[in-house]
Amino acid sequence: MTDELVRRARAVMTHAHAPYSGFRVGAAIEAGDGSVHVGCNVESASYGLTICAERMALGAAVAAGATRIARVVVTTDVDPPAAPCGACRQLLAEFGLTMEIRSVGPGSERRWTLAELLPDAFTRETLER
Ligand code: THU
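In the numbering used here, the protein residues as written are 650 to 778.
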């Protein structure tokens, strides 16, 4: 399945709208039911409105009815492969910290759990204390 996720992330990466940075990102999310949801980065002339590929894929997954996230594959054109930004880590954390994050560049890859990328996370449990 993860090879399928890499293929899907690379495919959607070609649709990235990144005229300002030139930095294309693709993301493919495998939901708890095995369904796959993809996203790419979309930049704006009003730079701060830019949306990352990971959050776009998460929105697609939620919109399709996903409630659990098993893994996320991110693709870029850089080595070492890019880790998700802080905002994406925080939004992904809505769906637990055990998900696997795999980032794939042209010649190498890196893997983490979300817990490793977001230690001492602020979560709903924090609000319930
Ligand atoms: N970007 C992502 O899509 N995901 C990340 O985790 C980090 C950054 C995008 C946003 C922007 O379009 C470009 O990469 C450069 O920051």
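Even glycine gets a Cβ: it sits at the ideal position worked out from N, Cα and C.
Residue j beta carbon less than 8 Å from that of residue i
i: Ser-655; j: Val-753; result: The amino acid occupying residue 655 in the given sequence is Val; Ser does not appear at that position. Cβ distance < 8 Å, so Val-655 and Val-753 count as in contact.
i: Val-687; j: Val-661; result: yes
i: Glu-703; j: Tyr-669; result: no
i: Arg-773; j: Met-748; result: no
i: Leu-740; j: Leu-707; result: yes
i: Asn-690; j: Ala-667; result: yes
i: Ala-665; j: Val-722; result: no
i: Asp-728; j: Ser-757; result: yes
i: Ala-742; j: Leu-763; result: yes
i: Pro-733; j: Leu-698; result: no
i: Ile-718; j: Ala-710; result: yes
i: Arg-759; j: Thr-651; result: no
Residue i (DSSP reduced to helix, strand or coil)
i: Glu-692; result: coil
i: Val-711; result: helix
i: Val-655; result: helix
Per DSSP, cross-strand counterpart(s) of residue i
i: Arg-759; result: Ser-752
i: Gly-721; result: Checking the sequence shown, residue 721 turns out to be Val, not Gly. For Val-721, which the question treats as bridged, DSSP gives the partners Ile-678, Ile-750.
i: His-664; result: None, per the DSSP bridge assignment.
i: Val-685; result: Glu-679
Closer than 8 Å to chain B by CB, residue i
i: Ile-678; result: In the structure shown, chain B cannot be found, because there is only a single protein chain.
Query - Shell residues, 6 Å Cβ cut-off relative to heavy atoms of the ligand THU - result: Ala-667, Ser-670, Phe-672, Val-674, Asn-690, Glu-692, Thr-699, Cys-701, Ala-702, Glu-703, Pro-733, Cys-734, Cys-737
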